[in-house]
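Everything below concerns the one structure shown next.
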Amino acid sequence: MSKSISQSHLYTIASGITGGILLVLFSQSVTLSQPVENIPNNSVSSMNVFQAFILGMVQGLTEFIPISSTAHLKAIPVALGWGDPGVTFTAIIQLGSIVAVLWYFWQDLMDLGVGITKAIRNQNYQTQEFKIGVGIVIGTIPIVIFGLMLKLFVKDLDNSAFRSMTTIAIASIVMAILLALSEKFSQHQRDFEHLSTKDGILMGFAQSLALIPGVSRSGSTITAGLFMNLQRATAARFSFLLGIPAITLAGLVEFKDVFSAGYNSTSIVSLIVALISSGIFSYLAIAWLIRYLQRQDTWVFVWYRLAFGVVILVAIFSKKMV
1 MSKSISQSHL
11 YTIASGITGG
21 ILLVLFSQSV
31 TLSQPVENIP
41 NNSVSSMNVF
51 QAFILGMVQG
61 LTEFIPISST
71 AHLKAIPVAL
81 GWGDPGVTFT
91 AIIQLGSIVA
101 VLWYFWQDLM
111 DLGVGITKAI
121 RNQNYQTQEF
131 KIGVGIVIGT
141 IPIVIFGLML
151 KLFVKDLDNS
161 AFRSMTTIAI
171 ASIVMAILLA
181 LSEKFSQHQR
191 DFEHLSTKDG
201 ILMGFAQSLA
211 LIPGVSRSGS
221 TITAGLFMNL
231 QRATAARFSF
241 LLGIPAITLA
251 GLVEFKDVFS
261 AGYNSTSIVS
271 LIVALISSGI
281 FSYLAIAWLI
291 RYLQRQDTWV
301 FVWYRLAFGV
311 VILVAIFSKK
321 MV
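Each residue of the sequence shown is one higher than the last, beginning at 1 in our numbering.
Structure representation (structure tokens):
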């Protein structure tokens with residue numbers, strides 16, 4: 001697939017799907033307003049191929065666009081009456097997104113790897129490639145530590161208040177406000193050639209906020225990058241590279257649950273379909289977002305996140321008033 005994908009075509013596709021997502025949430029507001037304990041789980045063992053394809057598409061379109069894949073992977077299937085697919089399924093299909101980002105940035109990663117190898121061999125630790133590499137490694141540590149703590153100390157994570165629709169809505173609105181502030185006050189001056197190890201560390205801490213459903217890994221890191229005066233496309237590009245270790249580790253850790261649960265051949269097929277769908281739509285999302293941010297600002301995501309959070313809160317409030 002070429003990187004010269006028409007921006008207008010991708011914009012039209014993304015706009016249509018975005019509008020459809022909000023329409024689904026509005027039309028299914030009663031389902032969204034149900035308490036978390038009344039929403040059935042829909043693990044991969046009970047998921048059909050069509051549902052798997054749709055959820056893979058949702059994952060792919062929302063993983064790298066700063067609107068939170070975790071939030072959409074819970075809100076959309078819940079709104080459709082499919083139930084919450086759960087943390088394990090969500091983490092595993094992110095591996096499809098990793099394949100996409102490796103595919104898209106393969107040459108960048110090769111250049112980075114060669115540069116780091118040369119820097120170590122020549123003991124020249126001031127090269128740009130070495131600084132970026134160290135930043136990615138150190139920047140991955142916070143989300144690993146906090147992620148392990150979350151699994152250890154939050155019992156029954158799938159059904160906890162931590163993954164409630166209220167949490168998702170509030171997180172989406174708060175991150176919309178922070179993204180708006182970063183857009184308004186950032187100078188958007190620094191490009192990829194001026195990244196440092198410090199940038200990786202700071203964006204790594206921002207990345208750990210994505211453990212809260214609704215925050216968005218790409219949203220938190222891009223927002224942090226803008227606050228650090230990075231150009232929009234540079235912030236997105238570095239966000240994607242920084243996410244490779246974290247997303248890969250999360251998916252591999254959860255893979256053990258697939259095999260230990262003894263899933264049948266049908267569920268494995270559904271999982272494969274979801275992974276392929278996730279990979280394809282992730283690539284499209286990356287290609288579109290990089291091109292979009294080279295020419296446009298992030299306000300469309302600010303307004304979308306606000307609308308997304310408000311729709312969910314209105315649904316919840318309306319149910320309580322009935």
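Even glycine gets a Cβ: it sits at the ideal position worked out from N, Cα and C.
If you draw a straight line from the alpha carbon of residue i to that of residue j, how long is it in whole angstroms?
| i | j | result |
| --- | --- | --- |
| residue 307 | residue 190 | 31 Å |
| residue 175 | residue 285 | 20 Å |
| residue 29 | residue 81 | Note that residue 29 scores a pLDDT of 44, beneath 50, so its modelled location is shaky; the value from the coordinates is reported in the next line. Between residue 29 and residue 81, the C-alpha separation is close to 11 Å. |
| residue 333 | residue 124 | Since the first residue shown for the chain is 1 and the last is 322, residue 333 is missing from the structure and cannot be characterised. |
| residue 140 | residue 215 | 17 Å |
| residue 118 | residue 102 | 22 Å |
| residue 138 | residue 188 | 24 Å |
| residue 182 | residue 232 | 10 Å |
| residue 224 | residue 149 | 23 Å |
| residue 298 | residue 270 | 34 Å |
| residue 89 | residue 220 | 22 Å |
| residue 127 | residue 293 | 27 Å |
| residue 74 | residue 159 | 11 Å |
| residue 147 | residue 184 | 31 Å |
| residue 144 | residue 291 | 30 Å |
| residue 96 | residue 228 | 30 Å |
| residue 289 | residue 65 | 7 Å |
| residue 226 | residue 242 | 15 Å |
| residue 120 | residue 186 | 34 Å |
| residue 129 | residue 248 | 21 Å |
| residue 193 | residue 92 | 33 Å |
| residue 251 | residue 245 | 10 Å |
| residue 151 | residue 105 | 31 Å |
| residue 254 | residue 94 | 11 Å |
| residue 157 | residue 77 | 18 Å |
| residue 163 | residue 213 | 6 Å |
| residue 180 | residue 302 | 6 Å |
| residue 315 | residue 309 | 10 Å |
| residue 172 | residue 202 | 21 Å |
| residue 87 | residue 161 | 14 Å |
| residue 142 | residue 69 | 20 Å |
| residue 38 | residue 85 | Low local confidence applies: a pLDDT of 44 at residue 38 is under 50, so the model's placement there is unreliable, with the coordinate-based value given in what follows. If I take the Cα positions, the gap works out to 14 Å. |
| residue 304 | residue 296 | 15 Å |
| residue 52 | residue 122 | 48 Å |
| residue 136 | residue 198 | 10 Å |
Which class does residue i belong to by DSSP, given the choice of helix, strand or coil?
| i | result |
| --- | --- |
| residue 24 | Confidence at residue 24 is low in this model, with a pLDDT of 49, below 50, so its placement is unreliable and no value can be given for it. |
| residue 230 | strand |
| residue 156 | coil |
| residue 84 | strand |
| residue 123 | coil |
| residue 298 | coil |
| residue 214 | coil |
| residue 33 | Bear in mind that the predicted position of residue 33 carries a pLDDT of just 45, short of 50, making it unreliable; the figure below should be weighed with that in mind. Coil. |
| residue 149 | helix |
| residue 109 | helix |
| residue 64 | coil |
| residue 47 | coil |
| residue 195 | coil |
| residue 277 | helix |
| residue 164 | coil |
On the DSSP bridge list, what partners appear for residue i?
| i | result |
| --- | --- |
| residue 190 | 230 |
Write down the C-beta distance between residue i and residue j rounded to the nearest angstrom, noting that I regard them as a contact closer than 8 Å.
| i | j | result |
| --- | --- | --- |
| residue 169 | residue 67 | Not confirmed; about 13 Å, so no contact. |
| residue 239 | residue 222 | 5 Å |
| residue 274 | residue 56 | 4 Å |
| residue 283 | residue 71 | Wrong, their Cβ atoms sit about 21 Å apart, outside the cutoff. |
| residue 318 | residue 47 | With 8 Å as the limit, residue 318 and residue 47 do not qualify as a contact, their Cβ atoms being about 29 Å apart. |
| residue 134 | residue 200 | 7 Å |
Comparing the C-beta of residue i with each C-beta of chain D, is any distance below 9 Å?
| i | result |
| --- | --- |
| residue 246 | In the displayed structure, chain D is absent; only one protein chain is listed. |
### Message
Taking 8 Å as the cut-off, does the stretch 264-283 touch the stretch 55-63 (at least 3 CB pairs, one atom from each stretch)?
### Response
By the Cβ criterion, the stretch 55-63 is in contact with the stretch 264-283, since at least three pairs of Cβ atoms, one from each stretch, lie closer than 8 Å.
#### Entry: Sufficient close CB pairs (3 or more, under 8 Å) joining the stretch 204-213 to the stretch 101-115
Flag = no, the stretch 204-213 and the stretch 101-115 do not touch.
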